[in-house]
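Chemist:
Residue numbers (this note's numbering), protein chains in the order written: chain H, 3 to 120; chain W, 31 to 926.
1) Pull up the CB-CB distance for residue 19 (chain H) and residue 59 (chain H), whole angstroms please, since I reckon it's below 8 Å.
2) Check whether the region 854-870 of chain W touches the region 537-557 of chain W, counting contact only when three or more Cβ pairs, one atom from each stretch, lie closer than 8 Å.
3) What number of angstroms, rounded off, separates the C-alpha of residue 835 (chain W) from the C-alpha of residue 541 (chain W)?
4) Helix, strand or coil: how does DSSP classify residue 179 (chain W) here?
5) Among W:333, W:874 and W:316, whose alpha-carbon lies nearest the alpha-carbon of residue 300 (chain W)?
6) Would you mind stating whether residue 398 (chain W) and residue 155 (chain W) have Cβ atoms separated by less than 7 Å?
7) If we define contact as Cβ-Cβ less than 7 Å, is residue 91 (chain H) a contact residue for chain W?
8) Spell out whether any CB of chain H is found under 7 Å from the CB atom of residue 59 (chain W).
9) Check for me: the alpha helix (DSSP H) holding residue 145 (chain W) runs from which residue to which?
10) Can you confirm whether residue 36 (chain H), when its beta carbon is compared against all beta carbons of chain W, has any partner nearer than 7 Å?
11) Are there any heavy atoms of the ligand NAP lying less than 6 Å away from the beta-carbon of residue 811 (chain W), as far as the coordinates show?
12) Which two residues bound the contiguous beta strand (DSSP E) that contains residue 619 (chain W)?
13) Whose CA, out of W:738, W:640 and W:649, lies closest to the CA of residue 665 (chain W)?
14) When you compare only the Cα positions, how much space is there between residue 742 (chain W) and residue 675 (chain W)?
15) Using the beta-carbon count (16 or more within 10 Å), is residue 740 (chain W) buried or exposed?
16) For residue 116 (chain W), count neighbouring C-beta atoms within 10 Å of its own C-beta (all shown protein chains included) and say buried if the count is 16 or more, exposed if not.
17) So, is the C-beta of residue 26 (chain H) closer than 7 Å to a C-beta in chain W?
18) Report yes or no: is there a C-beta of chain W within less than 7 Å of the C-beta of residue 54 (chain H)?
19) Classify residue 472 (chain W) as buried or exposed, calling it buried when 16 or more other Cβ atoms lie within 10 Å of its own Cβ.
20) Taking a Cβ distance cut-off of 7 Å, strictly less, list which residues of the region 304-318 of chain W are near chain H, in chain order.
21) As an exercise, report each continuous beta strand (DSSP E) stretch of at least 3 residues that is fully enclosed by the region 291-366 of chain W, in chain order.
22) Determine the chain W residues that contact residue 79 (chain H) at a beta-carbon separation under 8 Å, and present them in chain order.
23) Curious, which full-length beta strand (DSSP E) runs of at least 3 residues does the region 595-675 of chain W contain?
24) For residue 593 (chain W), which option in W:568, W:747 and W:879 has the closest C-alpha, if you only look at C-alpha atoms?
25) Between W:609, W:614, W:653 and W:601, which has its C-alpha nearest residue 930 (chain W)'s C-alpha?
26) Between residue 103 (chain H) and chain W, is the shortest Cβ-Cβ distance under 7 Å, so that the two count as touching?
27) Would you mind telling me which residues of chain H sit closer than 7 Å to residue 99 (chain W), beta carbon to beta carbon, in chain order?
28) Can you give me, in chain order, the residues of the region 207-219 of chain W that have a beta carbon less than 9 Å from any beta carbon in chain H?
29) Which residues in the same chain as residue 220 (chain W) place their Cβ atom closer than 8 Å to its Cβ, once the five residues preceding and following it in sequence are excluded?
30) On a Cα-Cα basis, can you pick out the residue from H:43, H:40, H:92 and H:77 that is closest to residue 69 (chain H)?
31) Between the alpha carbons of residue 168 (chain W) and residue 405 (chain W), how many angstroms are there, rounded?
32) Are any of the Cβ atoms in chain H nearer than 7 Å to that of residue 103 (chain W)?
33) Let me know the secondary structure DSSP gives residue 87 (chain H) once reduced to three states.
34) State the beta-bridge partners of residue 184 (chain W) as determined by DSSP.
35) Put residue 739 (chain W) into one of helix, strand or coil per three-state DSSP.
36) Please tell me whether residue 840 (chain W) and residue 920 (chain W) are closer than 7 Å, where the distance is taken between their beta carbons.
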């Protein structure tokens with residue numbers, strides 16, 4: 003009898019913007035709070051990030067268990083409010099990896115056409 | 031460390047409010063703040079402010095549109111769609127409705143434009159009158175802490191005027207005893223002759239107690255104000271100059287302090303200069319201390335205006351209670367106190383504002399409201415017409431399952447869009463109205479209306495306009511919206527919206543609006559007619575004297591240089607002689623008070639044989655005149671003789687009295703030869719009546735034909751000398767010559783109010799003409815709006831009946847028949863409107879008769895003429911579409 007391999011849950015499907023968000027959070031490292039995340043995406047992708055979309059997507063990623071967040075101490079420069087720092091969970095890392103892999107695999111053989119410059 | 035910059039407050043508040051339920055609230059606010067701080071460093075405060083506002087705007091838009099659930103409320107569960115919150119859905123749908131409505135009006139710019147213009151007119155005039163209420167009645171004074179100021183008065187119930195009513199004895203007593211106030215001050219009108227290197231000038235001045243300045247929180251720009259030590263006779267020769275007088279007469283000389291100037295012939299030391307713009311009481315250009323000697327301090331004659339400031343935490347009711355107690359003790363202790371007087375405590379503003387002002391403003395507001403109602407009826411009509419045209423569209427929507435509420439909301443959005451468009455235009459109308467009003471008021475009179483210069487578009491006006499626009503839009507839109515949302519779906523769809531059946535109630539409502547418009551326009555027209563006739567009669571009608579060709583010049587003889595009666599008599603006589611020598615002057619005369627003057631003189635009289643009742647004295651207008659004064663003004667002598675040069679013996683005083691005085695005091699008998707004396711100066715003896723002259727109108731707001739006595743100035747020399755000169759040519763051209771004639775008698779005496787009698791009359795009736803002018807504008811607006819409304823209703827009525835008219839014409843009706851049918855319909859509507867309007871007009875006329883002190887009298891002929899004019903306008907307005915209808919080609923109309 004074929005033993006049933008324990009089914010690992012497939013990595014969560016993430017949308018394009020969520021993908022970008024997770025990458026940006028990884029890039030920011032321990033400084034991954036909302037302001038630099040948004041700045042980084044805007045700087046690197048050249049597209050404007052609406053605040054509403056940013057918070058909504060972060061909330062959704064956290065809800066899916068792909069991110070965790072913690073609050074800093076209140077800061078004067080923020081009018082006495084705390085920063086919210088984000089860290090990807092291992093499921094989050096898996097999801098990014100899966101998405102990246104999909105992109106890379108699907109791009110194979112198209113290097114000349116796509117002419118991706120980093 | 032640099033301090034954290036504060037973002038714009040309003041935007042900040044908005045953000046906190048919008049995010050109040052969001053768990054992301056602190057994060058979002060913190061982010062925006064942090065980035066704002068960076069923006070300030072990078073781009074400066076101002077640009078960062080704009081940046082901040084843009085961020086908040088985007089967040090609010092996200093919040094309202096529901097695009098970003100995270101900033102709305104609650105955590106979004108993964109994979110569970112967030113159910114739309116009904117509030118947001120409502121907002122979204124409503125925004126959608128608004129966009130649709132705006133698009134609809136862009137497609138029909140003419141109809142939209144007419145509605146916006148109509149609303150703007152109606153709202154604009156209301157906003158302007160609101161501004162007058164707000165500025166002239168609610169806060170006419172820009173004094174800090176004005177809420178704690180009160181005016182004290184001492185008067186009888188018959189004389190409600192609180193100013194100039196308090197006696198020195200009362201004021202000093204109150205100031206000593208009252209605990210509820212921390213400051214109490216009094217002042218007395220005291221215009222002065224200012225002499226100096228330049229030509230002498232009459233300057234508006236006041237005698238004030240030292241505490242008046244701190245009471246109104248005034249500070250000197252130079253030097254000091256008065257102290258309690260200055261309120262002592264002998265130490266009171268000090269003067270504070272206003273900024274305007276200091277600039278005009280003293281060339282802004284900073285060394286003016288300590289200089290001695292001559293006021294009324296006496297030396298005063300300049301101790302201070304007020305700040306620019308400070309002029310309290312209104313119009314004051316100089317202030318001297320209010321000082322009483324022992325005798326004056328006991329005087330029970332009321333002439334002071336008394337103000338006080340409540341201690342912090344004390345109320346006006348406490349002040350009333352305390353003052354009533356003090357006054358009761360005072361009356362009990364002093365036998366000379368007037369028994370019929372009572373002490374009253376009012377708010378400062380209530381005391382300062384002219385007693386007639388609220389009534390006049392109420393009249394204007396009523397008129398403006400009528401204009402708005404008519405405008406509203408017009409707009410409702412046009413919206414109803416739009417609803418009628420859109421019946422088919424609405425029927426389709428209803429048939430497809432749209433709720434009625436949804437349709438009503440859609441139609442309401444129509445009117446809201448119009449209101450939002452009309453509000454800025456209304457502010458424009460208000461701005462123009464206020465500009466015109468301000469320009470129409472002569473500078474000389476502005477000083478009598480506190481706050482007049484502050485009229486203009488302000489925050490209150492903007493808020494009012496917006497609120498009124500919204501309110502009007504909802505009310506005006508509600509009826510047509512409710513009506514249009516209930517078409518009979520099957521009928522409309524089956525008949526393509528052409529039959530009359532669905533439109534029956536519709537057009538009944540529209541006809542109702544037309545009747546209403548006429549009913550509202552009629553009282554307004556009658557009111558403007560009444561005030562125009564009243565103003566015309568007072569400004570241009572018979573005055574009892576002939577103002578044409580007369581020049582007047584005023585001067586006041588100061589006590590210091592003209593203490594004796596002889597000196598004053600000689601001055602007046604020499605002035606008449608000097609003026610009579612001027613080429614072009616036919617007759618010259620003097621009087622102590624003139625008609626159309628800003629002040630009056632009156633004396634209590636005691637009739638020979640009638641016991642004098644000090645509680646109910648007989649007050650009579652008093653004029654001390656030169657022998658040829660009556661002749662110069664052409665006041666006719668009706669019986670007996672005029673005054674003569676020979677009437678100068680102090681032992682045998684004589685008088686000419688007005689017809690009204692004769693008929694009031696000696697109604698049954700011949701007044702000639704009767705005697706009376708002046709109650710305050712009985713030692714001057716009995717005055718014998720030698721002649722009766724015609725009545726004059728002295729002032730438009732006094733009732734006419736006041737009893738008046740003319741006594742020879744030679745027997746009763748007065749300090750007030752007003753020269754009148756009847757001239758053969760243009761009286762205005764003789765002004766320099768008459769000034770010179772005055773200077774020839776005494777170069778220290780300033781000439782003031784140098785103007786023709788016609789100009790004086792014009793200035794005196796400016797208030798009345800102002801009321802009439804504004805009422806005429808309202809009446810004109812009402813007429814135009816009503817005409818437009820009737821035209822619009824008839825036009826769409828005809829358009830809806832084209833088919834029927836075509837049938838009638840095809841079946842042999844003549845064009846004349848059709849014209850008769852349509853005009854007859856308009857005629858019946860006008861008649862109904864006129865009938866209701868006449869009832870309203872009668873009520874408004876009653877209000878005006880009481881508001882305008884008997885100047886207007888409701889004349890049935892005016893009612894009739896106005897009704898006919900309005901009905902005629904209505905019929906003419908209906909003629910154009912009716913004639914259009916008769917040109918319907920039956921063949922074309924039937925095929926439609």
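Quick reminder that beta carbons are idealized off the backbone N, C-alpha and C, glycines included.
Modeler: In this structure, then:
1) 6 Å
2) yes
3) 19 Å
4) strand
5) W:316
6) yes
7) no
8) yes
9) 139-162
10) yes
11) You won't find the ligand NAP in this model; it holds no ligand whatsoever.
12) 615-621
13) W:738
14) 9 Å
15) buried
16) Bear in mind that a pLDDT of 46 at residue 116 (chain W), under 50, signals an unreliable position, so the number given afterwards is only what the model happens to contain. It is exposed - the Cβ of residue 116 (chain W) has fewer than 16 other Cβ atoms within 10 Å.
17) no
18) yes
19) exposed
20) none
21) 296-304, 316-319 and 335-340
22) 34, 63, 64 and 67
23) 615-621, 632-637, 648-655 and 667-670
24) W:747
25) Shown here, chain W extends from 31 to 926; a query on residue 930 (chain W) therefore has no answer.
26) no
27) 58
28) none
29) 235, 236, 237 and 318
30) H:92
31) 28 Å
32) Summary for residue 103 (chain W): the model assigns pLDDT 48, below 50, so the residue's position carries little reliability; its value from the coordinates is reported in the next sentence. Chain H contact via Cβ: absent.
33) strand
34) W:373
35) strand
36) yes
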